[in-house]
Amino acid sequence: MQMRNNLKRSIKKAIKNLQEKGKFPAGSFGNIKIERPQREEQGDYATSIAMQIASHTGRKPKTIAKILVEELKTDEIAVKMFEDIRVAPPGFINFYFKKEYLKKLLIKLAKDEKLGVLNLGKDKKINFEFISVNPTGELHIGHGRGAFYGDVLGRILSFAGFKLTREYYINNARQSAQIKELGKTALKQGTSYKSPYLDEKLRQYSKALHKMKKPESAGYFLANKIQKDIKNFLEKKAKIKFDVWTEEEELYKKNKIQKTLKKLEDKNLIYKKDEAIWLKSKQYGDNQDQVLVRQNGENTYFMADIAYHIDKIERGADKLIDIWGADHQGHVKRVKAALGTFGIKDIEILITQLVRLKGKLKLSKRKGNAVSLKDLINDIGVDSARYFYLTKSLNTQMEIDLKLARLQNQKNPIFYIQYTYARCCSILRKSQLQISNFKTNYKFQISKKDLEKLKHEGEFELVKKLIVFPDIIEDIVRDYQVHHLPTYLHELAQEFSKFYTEFRILDNNEVNYGRLALTFVTGLIIKNSLELLGISAPNKM
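Residue numbers for the sequence shown follow full-length UniProt numbering, beginning at 1 and rising by one.
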């Protein structure tokens, strides 16, 4: 569905007409932003374009808005969509949908397997790397943020028409400092990575490790065992799967690092200083030039990172998206600068912020400083874990309320959403129309006639909440703010509960098909949204 796009086109057309009439000056006034107001009295959509135009003309925004509204009221598309268009101080334009138009949108939603979501990606190939935790220990609660966020963003981008390669980068190069340190810990030559989890691994593989003398060999061996644990946990416990697992060690074996260094040399982008090799990254926006190869001949992590990202592009990616932890914030600018030397500009690097727990976790027998993600999931369940991790913007710190997340009643928002879905299923079963599977090839076809009985404001409030779904997905594709979806889902569940309390859907076996249609589409959207969130949708509770 293209409500916002259609409205934008109508506004652009109105501005052009007014420019031709001499009422507005020529030129562009910037992007037209269409927003959903927070308060009902402010309409279903709103725009501040009149204030943007006013800044170019010196006239009052309210005057500009009134002129624009009069022109919009002659636009064919706007007339079909809106019952009323009003001006609000200091110059907002508010739009109010026609009820008949809302009914048409509801029918479209129910018939479209994409629920009104446009093909925004158009098969654009994205390499999407997330988690990529060093294989030196188990995942902790901080890793959970990038893990669940990445999984859900990937699902949404795929749903919106992008061709996604989900990738995990394994930092396991034998010559890397962390693998050597892990090896020293394994050979009892150091304690850098000591943990209860690692102690278990050392006992498990003591015979094999006893035969090893070099830290890099012991570290590489142990890292691969740890990585198997991580993969098993992600797939079986956290419900996260990757298309590609790339090993840093393989980049060295395939000579990718040296080839990248040679390309940089051919471009005259590196130089020697103090027996080290430096990248001229400052001229591409970095704060200073960066070391690629140290004085002792060892490659820096940065050098391997450049080679890895170039490898992604060479494998056919049109765009790169990475999710990194907060400790990598300072690395963003230099990586973008380095890739800019190769003309690679379409890269997004998203940074996660810290996670805290409110309340005491029911810890496993192992004790340690870091709280493992496995312990959290064992305590509150994977559905609650996924939901609560996804409720805040990625760039803000968050706190998970363990007491709330454990609740198996409607005070827990994810339980409430799942219960609402189960209620929709129950109503549809009782209707005897055999459409409880919520697939688009359902037997009950919603028609205009079915919706004739919809007349009450409470019914149309639910319709308005349902038709927002495509906007939510479009917003996430544009700004990567995944928390919009769980927030919307909770609001939808609340709106359906109000509708269910106020109106009878089934009355003495007589079915109100309009209200049943609302129930069906509500269930359809909740089920699909829960799938995008990687959360189960039980049809009975």
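All residues carry an ideal CB built from backbone N, CA and C; glycine is no exception.
Looking at the unbroken alpha helix (DSSP H) that takes in residue i, where does it start and where does it end?
| i | result |
| --- | --- |
| residue 1 | Note, residue 1: premise wrong, no alpha helix (DSSP H); not H, not E. |
| residue 420 | 413-430 |
| residue 244 | Note, residue 244: premise wrong, no alpha helix (DSSP H); beta strand (DSSP E) at 244-247. |
| residue 112 | It is not in any alpha helix (DSSP H) - residue 112 carries neither H nor E in the DSSP assignment. |
| residue 201 | 196-204 |
Taking buried to mean at least 16 other C-beta atoms within 10 Å of its own C-beta, is residue i buried or exposed?
| i | result |
| --- | --- |
| residue 90 | exposed |
| residue 11 | buried |
| residue 440 | Confidence at residue 440 is low in this model, with a pLDDT of 43, below 50, so the placement of that residue should be treated as unreliable; the coordinate-derived value is given next. When all chains shown are included, residue 440 counts as exposed. |
| residue 541 | exposed |
| residue 25 | exposed |
| residue 443 | Its pLDDT being 47, under 50, residue 443 is placed unreliably in this model, and the value from its coordinates should be taken loosely. With fewer than 16 other Cβ atoms within 10 Å, it is exposed. |
| residue 543 | No statement about residue 543 is possible, as the shown extent of the chain runs from 1 to 541 and does not include it. |
| residue 471 | buried |
| residue 301 | exposed |
| residue 296 | exposed |
| residue 69 | buried |
| residue 421 | buried |
| residue 177 | exposed |
| residue 153 | buried |
| residue 28 | exposed |
| residue 418 | buried |
| residue 538 | exposed |
On the premise that residue j lies in contact with residue i, defined as a C-beta separation below 8 Å, what is that separation, rounded to the nearest angstrom?
| i | j | result |
| --- | --- | --- |
| residue 77 | residue 6 | 5 Å |
| residue 137 | residue 195 | 5 Å |
| residue 284 | residue 341 | 6 Å |
| residue 338 | residue 306 | 5 Å |
| residue 102 | residue 1 | Contact doesn't hold; Cβ gap of about 11 Å is too wide. |
| residue 99 | residue 460 | 6 Å |
| residue 128 | residue 167 | 7 Å |
What would DSSP say about residue i, mapped onto helix, strand or coil?
| i | result |
| --- | --- |
| residue 276 | strand |
| residue 173 | coil |
| residue 162 | coil |
| residue 125 | strand |
| residue 331 | helix |
| residue 63 | helix |
| residue 268 | coil |
| residue 473 | helix |
| residue 528 | helix |
| residue 500 | helix |
| residue 467 | coil |
| residue 479 | helix |
| residue 235 | helix |
| residue 452 | coil |
| residue 82 | strand |
| residue 407 | coil |
| residue 446 | coil |
| residue 22 | coil |
| residue 179 | helix |
| residue 34 | strand |
| residue 515 | helix |
| residue 215 | helix |
| residue 147 | helix |
| residue 58 | coil |
| residue 10 | helix |
| residue 260 | helix |
| residue 74 | coil |
| residue 155 | helix |
| residue 440 | Confidence at residue 440 is low in this model, with a pLDDT of 43, below 50, so its placement is unreliable and no value can be given for it. |
| residue 361 | coil |
| residue 17 | helix |
Along the beta strand (DSSP E) that carries residue i, what are the first and last residues, could you check?
| i | result |
| --- | --- |
| residue 47 | 45-47 |
| residue 385 | Note, residue 385: premise wrong, no beta strand (DSSP E); alpha helix (DSSP H) at 382-389. |
| residue 29 | Neither: residue 29 is in no beta strand (DSSP E) and is coded neither H nor E. |
| residue 398 | 398-401 |
| residue 356 | 355-358 |
| residue 322 | 319-324 |
In the DSSP output, what is residue i paired with across the bridge?
| i | result |
| --- | --- |
| residue 224 | BP columns for residue 224 are empty, so no partner. |
| residue 93 | 47, 87 |
| residue 291 | 278 |
| residue 140 | 372 |
| residue 299 | 293 |
| residue 167 | 129, 244 |
| residue 377 | According to DSSP, residue 377 bridges with nothing at all. |
| residue 350 | 323 |
Is there a Cβ of chain C sitting closer than 8 Å to that of residue i, yes or no?
| i | result |
| --- | --- |
| residue 35 | No chain C is part of this structure, which consists of one protein chain only. |
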